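Residue 125 in UniProt numbering is what sits at position 125 of the sequence shown, and the numbering runs on without skipping anything.
What follows is a single structure, written as C-alpha cells, with notes after it.
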Amino acid sequence: MGFLSRLFGNSTKKETVNMANVKLAVIYYSMGGTNYQLSKWAEEGAKEAGAEVKVLKVPELAPQSAIEGNPAWKATVEATKDVPEVTGDDLEWADAIIFSVPTRFGNMPSQMKQFLDTTGGLWAQGKLANKVVSAMTSAQNPHGGQEATILSLYTTMYHWGAIVATPGYTDPVIFGAGGNPYGTSVTVDQDGKMIEDVEAAVKHQAKRTITVAEWVKKGNQ
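Dropping the structure here:
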C-alpha cells in the first residue's frame, strides 16, 4: 500500500455516515466576498452529506463611510444583506460550527472577535462544550498569517471545551488547495480572485466536520 493510500485510508467511506441529524452553523465575516464564498461551498458540502445548515454572518463594526469608500466591500455588503446575523441561539442550536474569516495581521478580524466575546454567558452555562468546530481563512499571500489566523480562532474554541476537527491530510484535495492541515486557506490577488482551487477542500472539510459531529452525537446518546 502506497503512502497516500495509507494516509487517506477509508476517508471516503467515513463521509458516507448518515449525517441527517447534524445541525451545522457556518459563521463568517467577509469584506471582499471570499469568505462568504467559502461559507457557501461549506454549506453545499454539508448539505450533500445530509446535514441541516445555516449560513450566518457576524455583525459589521466598520463605519458606513469606510464601506462606501471601498467598492468591493460595498458590493459584498449589498450582496449579503439578506444573510442573517448570528446570535447565541444559533450557537446553542448547532452541533457543529465552521468559521470562515480573513486574516488581520495573523489574527481574526475584530468583527469575529467581538462576536466571540459575547459568548461568555453560554460558555459559563456549559452550552458550548463539545461543539465540533473547524475554521477557514484567506489572505493576500500564502504567508500572510493564514495558519496563525486559524490557530488564533481555535484558542477560543479550546476555552469553550469544543472539539476541534481539522482537515489534516485526510484527503488528497488538501494538497491541491495548498496543504494547510489546520483548515482550508486561500490566497486572494489584488483583484479579489482566489489563486488556489479550494472548493473541493472546503467541501471535504465540511463533510469531515459533520462526520465528527455525528460521532459525538452518537456517543452522547
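Where a beta carbon is used, it is the ideal one built from N, C-alpha and C, also for glycine.
On a predicted model such as this, the values are computed, not experimentally measured, just so you know.
query = Quick one: Cα of D197 to Cα of D89, how far?
reply = Sequence index remark: in the sequence shown, residue 197 carries index 197 (1-based). Sequence index remark: in the sequence shown, residue 89 carries index 89 (1-based). Computed Cα separation, rounded: 34 Å.
Unbroken stretches of the beta strand (DSSP E), 3 residues or longer, contained in the region 48-95 = 52-57
task = Taking V101 and V212 to be in contact with their CB atoms under 8 Å, please state how far apart those CB atoms are, rounded to whole angstroms.
result = The residue labelled residue 101 in the question sits at position 101 within the sequence shown. The residue labelled residue 212 in the question sits at position 212 within the sequence shown. In fact, because the Cβ distance is near 21 Å, the residues do not count as touching under 8 Å.
Cutoff 8 Å; reference I163; Cβ partners in own chain excluding five residues on either side = The count along the sequence shown starts at 1 and reaches residue 163 at position 163. The answer, listed in chain order, is N130, K131, V132, V133, V212, V216.
Rounded distance between the beta-carbons of A79 and G33, thought under 8 Å = Numbered from its first residue, the sequence shown carries residue 33 at position 33. Numbered from its first residue, the sequence shown carries residue 79 at position 79. The Cβ separation is near 7 Å, so the contact holds.
request  = Can you tell me which of S30, N141, A46 puts its alpha carbon nearest to the alpha carbon of H204?
outcome  = As a working note, residue 204 is residue 204 in the sequence shown. It is A46.
Alpha-carbon spacing of Y36 relative to F175, whole angstroms = One-based indexing of the sequence shown puts residue 36 at position 36. One-based indexing of the sequence shown puts residue 175 at position 175. Spanning the two alpha carbons is a distance of roughly 22 Å.
Exposed unless 16 or more other CB atoms sit within 10 angstroms - verdict on Q64 = For the purposes of this step, residue 64 is taken as the residue at position 64 of the sequence shown. Classification of Q64: exposed, given that the 10 Å Cβ count is below 16.
key: Buried versus exposed, by CB contacts within 10 Å (16 or more), T76   = Counting from 1 along the sequence shown, the entry for residue 76 is found at position 76. With 16 or more other Cβ atoms within 10 Å, it is buried.
inquiry  = Below 8 Å on the Cβ atoms is my contact criterion, and I expect M194 with V188 to pass it. Report the Cβ-Cβ distance as a whole number of Å.
reply    = Against the sequence shown, residue 194 aligns to sequence position 194. Against the sequence shown, residue 188 aligns to sequence position 188. Correct: roughly 6 Å between the Cβ atoms.
request  = Would you check if the distance between the CB atom of D95 and the CB atom of V22 is smaller than 8 Å?
outcome  = Within the sequence shown, the letter at position 95 stands for residue 95. Within the sequence shown, the letter at position 22 stands for residue 22. Against a cut-off of 8 Å, the Cβ pair of V22 and D95 comes out as a contact.
request  = Can you tell me which of the three DSSP states N141 falls into?
outcome  = Stepping through the sequence shown from its first residue, residue 141 is reached at position 141. The answer is coil: DSSP assigns N141 none of H, G, I, E or B.
message = Alpha carbons only, please: which of T184, Q190, P167, R104 is nearest the one belonging to T209?
response = The sequence position of residue 209 within the sequence shown is 209, counting from 1. If we check each option's Cα against that of T209, P167 comes out closest.
Identified DSSP bridge partners for M136 = Here the question's residue 136 lines up with position 136 in the sequence shown. Per DSSP, S100.
task = Compare the Cα-Cα distances from Y158 to each of T149, E214, L128 and report the closest residue.
result = As a working mapping, residue 158 is identified with position 158 in the sequence shown. Among T149, E214, L128, the Cα nearest to that of Y158 belongs to L128.
inquiry  = Am I right that L56 and Q114 are in contact with their C-beta atoms under 8 Å? What's the rounded C-beta distance?
reply    = As a first step, residue 56 must be located in the sequence shown, where it is residue number 56. As a first step, residue 114 must be located in the sequence shown, where it is residue number 114. That pair is no contact at about 15 Å.
message = Please report the straight-line C-alpha distance between A42 and L24, rounded to a whole angstrom.
response = Taking the first residue of the sequence shown as 1, we reach residue 42 at position 42. Taking the first residue of the sequence shown as 1, we reach residue 24 at position 24. Between A42 and L24, the C-alpha separation is close to 10 Å.
ask   = Smallest Cα separation from G69: which of R104, M31, V86?
value = Stepping through the sequence shown from its first residue, residue 69 is reached at position 69. With distances taken between Cα atoms, G69 lies closest to M31.
key: Limits of the beta strand (DSSP E) - the one that Y28 falls within   = Looking up residue 28 in the sequence shown gives position 28. 23-28 is the extent of the beta strand (DSSP E) around Y28.
ask   = Can you tell me where the alpha helix (DSSP H) with T156 in it begins and where it stops?
value = Working through the sequence shown from its first residue, we reach residue 156 at position 156. 146-160 is the extent of the alpha helix (DSSP H) around T156.
query = For the candidate residues K74, E199, T149, whose alpha-carbon lies nearest to that of K110?
reply = Looking up residue 110 in the sequence shown gives position 110. The sequence shown places Ser at residue 110, not Lys. Measuring from the Cα of S110, the nearest candidate turns out to be T149.
inquiry  = By the three-class DSSP mapping on this structure, what secondary structure does M112 have?
reply    = Here residue 112 is taken as the residue at index 112 of the sequence shown, counted from 1. Residue state, collapsed to three classes: helix.
ask   = When the distance is taken between beta carbons, is L38 closer than 8 Å to residue 235?
value = A query on residue 235 cannot be resolved here, the shown segment of the chain reaching from 1 to 221 and no further.
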